[in-house]
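First to last, the sequence lines map onto chains A and B.
Heads up: the first sequence at position 162 corresponds to 162 in the working numbering, and the numbers run straight through without jumps.
Heads up: the second sequence at position 1 corresponds to 1001 in the working numbering, and the numbers run straight through without jumps.
We treat Cβ as the ideally placed atom computed from N, Cα and C, and that holds for glycine.
Computed from a predicted model, the values in this text were never measured in an experiment.
Each remark here refers to the structure printed beneath this line.
2 protein chains.
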Amino acid sequence: MKLLPEKTVERLSQYRRVLQRELASGTEHIYSHELAKLLHITPVQVRRDIMLIGHSGTLRRGYNIADLIDLIGIIIDCSGQQKVAIIGIGDLGRALLNYLQGSRTKLQLSAVFDNNPDKIGTLYGGILCHNVEHLKKIIKRENVTIAILSVPPAYAVEIANKLTEAGILGILNYTPVSLDVKGAFLEQYDVITSLEKVAYFAKPVNAAIMHQEE
Amino acid sequence: MKLLPEKTVERLSQYRRVLQRELASGTEHIYSHELAKLLHITPVQVRRDIMLIGHSGTLRRGYNIADLIDLIGIIIDCSGQQKVAIIGIGDLGRALLNYLQGSRTKLQLSAVFDNNPDKIGTLYGGILCHNVEHLKKIIKRENVTIAILSVPPAYAVEIANKLTEAGILGILNYTPVSLDVKGAFLEQYDVITSLEKVAYFAKPVNAAIMHQEE
DNA sequence: AATTTAATGTTATATGAATAACAGTAATAG
DNA sequence: CTATTACTGTTATTCATATAACATTAAATT
Ligand SMILES: NC(=O)c1ccc[n+]([C@@H]2O[C@H](COP(=O)([O-])OP(=O)(O)OC[C@H]3O[C@@H](n4cnc5c(N)ncnc54)[C@H](O)[C@@H]3O)[C@@H](O)[C@H]2O)c1
Ligand SMILES: NC(=O)c1ccc[n+]([C@@H]2O[C@H](COP(=O)([O-])OP(=O)(O)OC[C@H]3O[C@@H](n4cnc5c(N)ncnc54)[C@H](O)[C@@H]3O)[C@@H](O)[C@H]2O)c1
């Protein structure tokens, strides 16, 4: 079995979100061009992604929404088997926690860590904040496979090392520190990089070039 | 003049960040392999990016850090000419504001908008929060070119439309709503998509495949 | 029953990005 | 003063992704 392309996986996540909305509103089937429109992409892209995950639609009714949601769940998150931890529950960490808990993702947030004595022992969204000193122990014990890193930059490398030692399988790094982890999938995201990219393409002279090309 | 590749622009942003640190610590020149190491990429990638922006290093001393920082500034943000606004100053908006103000980006955050009467008129990081009803007027008057969108999902499309009508050139969209804007560069980012992507590649069976391939 | 239609499924091509290969050069060592 | 070294700069290739072209099929229409 071959791995799916990264971009396809990203879109599967988005397909699922809008499909959940459609299902909730009573729709049972959806055409590729309808799904495409909801995400502002092309129908071909949708069909190709769905082909890659081995699902089939019916010719005159499109795809069965419930089936597709289930299949995406099996592919992405084992339908609720994977556990997530947030390390560093400051401004960003709390914003992320609220957002995740308000969403329908099947990933279960099951631990939070910090080093601030005022935070340790308190509940965040119903989840107990642990002392980061017990990070390795708890990650192993609870079988957490994914970590969201939102500690101050100075601690990023140290925590990342502890996470890999604890056997973590995926890290989503929001610190502006480039990490190099072995044995785990690493995703880095930084607002400033994103914003400066927007700035470049939004510069009037560049915006003009982009526009004329369309 | 041709546009730079998106990925190159992203890396330029990251080069600048680490170069600013290096410069602050007294270093004047840097080799491609040193810069590469700081970001865990290859030296070839660094040289290629630098070639694309038309900069040259000296053969035995590498690149002049100050010059490179200046050039990246000219390319990305016109060295402080572009202005940024945040729409929706809730949990996420405030986390972003703090982060941007604590950074060295040359993009100047110069307006904040919300629709909550308790927030309108108060200062966030020294910046006055305006009533979102005056969005178009103020964006035009202040010549804001870039907007960060962090309002509740239900308002995303409406605000995006107002932004483009106001002549915005770039939008960084953090709402989980797929937008379709014309005349502006759009960048969308969603934590859940990122996290579910990590979940897929972190699934034990997939992690095994990834590892064996290296 | 044959034909048209409107959808899906698959293969081929084009584009974008990263990597690799190689060419060029100034300082240094012999 | 020639050869070596350790870099930078450019071109070629490979790999990933998106797009486009084409093939297929079940229902609806005539
Ligand atoms: N990637 C982005 O887009 C983005 C946006 C905003 C902030 N950030 C980054 O995210 C991180 C957090 O930002 P923030 O605004 O929430 O900062 P913050 O200071 O509000 O929160 C940091 C939290 O980490 C805790 N902490 C400190 N040291 C720790 C340790 N060793 N172990 C565990 N917890 C520890 C602190 O007690 C605090 O609760 C920073 O690195 C910041 O630069 C990134
Ligand atoms: N992309 C991500 O990774 C990510 C992460 C967290 C949250 N989010 C999204 O970002 C958005 C904000 O999240 P949050 O946690 O800060 O929510 P929040 O409720 O804390 O903040 C929303 C803010 O927008 C304001 N607002 C509401 N309607 C408005 C309008 N019409 N015009 C202007 N302001 C308005 C509210 O008063 C509030 O201050 C939501 O869409 C959320 O889903 C995205």
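### Query
What residues in the region 1192-1203 of chain B bring their beta carbon closer than 9 Å to a beta carbon of chain A?
Ile-1192, Thr-1193, Ser-1194, Leu-1195, Glu-1196, Lys-1197, Val-1198, Ala-1199, Tyr-1200, Phe-1201, Ala-1202 and Lys-1203
### Query
Which runs of the alpha helix (DSSP H) fall wholly inside the region 1138-1208 of chain B and span at least 4 residues, in chain order?
1156-1165 and 1191-1202
### Span separating the alpha-carbon of Ala-184 of chain A from that of Asn-161 of chain A
The C-alpha of Ala-184 of chain A lies about 11 Å from the C-alpha of Asn-161 of chain A.
### Query
So is Thr-105 of chain A in contact with chain B if we call contact Cβ pairs under 8 Å?
yes
### Task
Can you tell me the Cβ-Cβ gap for Leu-52 of chain A and Leu-19 of chain A, rounded? I've got them flagged as a contact below 8 Å.
Not really, about 17 Å apart at Cβ, beyond 8 Å.
### Message
Given this structure, state the Cα-to-Cα distance separating Ser-1178 of chain B from Leu-39 of chain A, to the nearest angstrom.
### Response
5 Å
### Task
Verify the CB distance criterion: does Met-1210 of chain B have a CB-CB separation below 8 Å to chain A?
yes
#### Entry: Close beta carbons around Thr-8 of chain A, own chain, < 7 Å, minus the five adjacent residues each side
Asp-49 and Leu-52
### Leu-172 of chain A vs Leu-195 of chain A beta-carbon contact at 8 Å
no
### Task
Given a cut-off of 8 Å, decide if Gln-108 of chain A and Asp-140 of chain A are closer than it, judged by their beta-carbon atoms.
Checking the sequence, you will find Lys at residue 140 of chain A rather than Asp. No.
### Query
Where does the unbroken beta strand (DSSP E) through Gln-108 of chain A begin, and where does it stop?
108-114
### Query
How would you list, in chain order, the residues of chain A whose beta-carbon sits under 9 Å from the beta-carbon of Ile-1076 of chain B?
Glu-196, Lys-197, Ala-199, Tyr-200 and Lys-203
### Task
Count the other C-beta atoms from every protein chain shown that fall within 10 angstroms of the C-beta of Val-1205 of chain B, then say buried if there are 16 or more, exposed otherwise.
exposed
### Query
Considering only the beta carbon of each residue, do Ile-1192 of chain B and Ser-13 of chain A sit closer than 8 Å?
In this structure, Ser-13 of chain A lies closer than 8 Å to Ile-1192 of chain B by Cβ.
### Thr-1008 of chain B in three-state terms, based on DSSP
helix
### Query
So, is the C-beta of Arg-60 of chain A closer than 8 Å to a C-beta in chain B?
For Arg-60 of chain A, the closest Cβ of chain B is not nearer than 8 Å.
### Task
Note down, in chain order, every chain B residue with its Cβ under 8 Å from the Cβ of Val-9 of chain A.
Glu-1196, Lys-1197, Tyr-1200 and Phe-1201
#### Entry: Where Ile-1248 of chain B falls: helix, strand or coil (DSSP)
For residue 1248 of chain B there is no data in the structure shown, the boundaries of chain B being 1001 and 1214.
### Query
Is it the case that the CB of Pro-1117 of chain B approaches a heavy atom of ligand 2 more closely than 7 Å?
Not one heavy atom of ligand 2 lies closer than 7 Å to the C-beta of Pro-1117 of chain B.
#### Entry: First through last residue of the beta strand (DSSP E) which encompasses Thr-33 of chain A
According to the sequence as given, residue 33 of chain A is His; it is not Thr. Premise fails: His-33 of chain A lies in the alpha helix (DSSP H), 32-39, not in any beta strand (DSSP E).
### Message
At the level of alpha carbons, what is the spacing between Leu-1097 of chain B and Thr-1105 of chain B?
### Response
12 Å
### Task
Mark Gln-212 of chain A as exposed unless 16 or more other C-beta atoms lie within 10 angstroms of its C-beta, in which case mark it buried.
exposed
### Query
Under a CB-based cut-off of 8 Å, is Leu-68 of chain A close to chain B?
no
### Message
Less than 8 Å between CB atoms is the rule here; does Asn-1206 of chain B satisfy it with respect to chain A?
### Response
For Asn-1206 of chain B, the answer is yes, since a Cβ of chain A falls inside 8 Å of its Cβ.
### Query
List, in order along the chain, the chain A residues whose C-beta lies closer than 7 Å to that of Glu-1187 of chain B?
Here the neighbours are Ser-194, Lys-197 and Val-198.
### Message
Strictly by DSSP, which residues pair up with Glu-84 of chain A?
### Response
One point to set straight first is that residue 84 of chain A is Val, not Glu, in the sequence displayed. Note: Val-84 of chain A sits in a beta bridge opposite A:Leu-109 and A:Ile-146.
### Task
Starting from Ile-127 of chain A, follow its DSSP beta bridges and name the residues at the other end.
In DSSP, Ile-127 of chain A forms a bridge with A:Tyr-124.
### Task
Check whether the Cβ atoms of Val-198 of chain A and Glu-1010 of chain B sit closer than 8 Å, and answer yes or no.
no
### Message
Does the structure place the region 128-138 of chain A close enough to the region 1117-1131 of chain B that three or more beta carbon pairs sit under 8 Å?
### Response
no
#### Entry: Expected contact under 8 Å - CB spacing of Ala-1202 of chain B and Ile-1168 of chain B to nearest Å
Ala-1202 of chain B to Ile-1168 of chain B, Cβ: 37 Å. No contact.
### Task
Grab the span of the alpha helix (DSSP H) containing Arg-94 of chain A for me, first residue to last.
91-101
### Query
Heavy atom of ligand 2 less than 7 Å from the Cβ of Asp-1190 of chain B, yes or no?
yes
### Task
Whole angstroms is fine: what's the gap from Ile-1120 of chain B's alpha carbon to Gly-1090 of chain B's?
12 Å
### Task
Using a Cβ cut-off of 8 Å, pull out every chain A residue sitting near Ile-1159 of chain B, in sequence order please.
Going along chain A, no residue has its Cβ under 8 Å from Ile-1159 of chain B, so there is no contact; the nearest lies around 16 Å.
### Query
Where does His-1270 of chain B sit, in a helix, a strand or coil, going by DSSP?
Nothing can be reported for residue 1270 of chain B: it is not among the residues displayed for chain B, which extend from 1001 to 1214.
### Ile-1072 of chain B vs Tyr-1015 of chain B beta-carbon contact at 8 Å
yes
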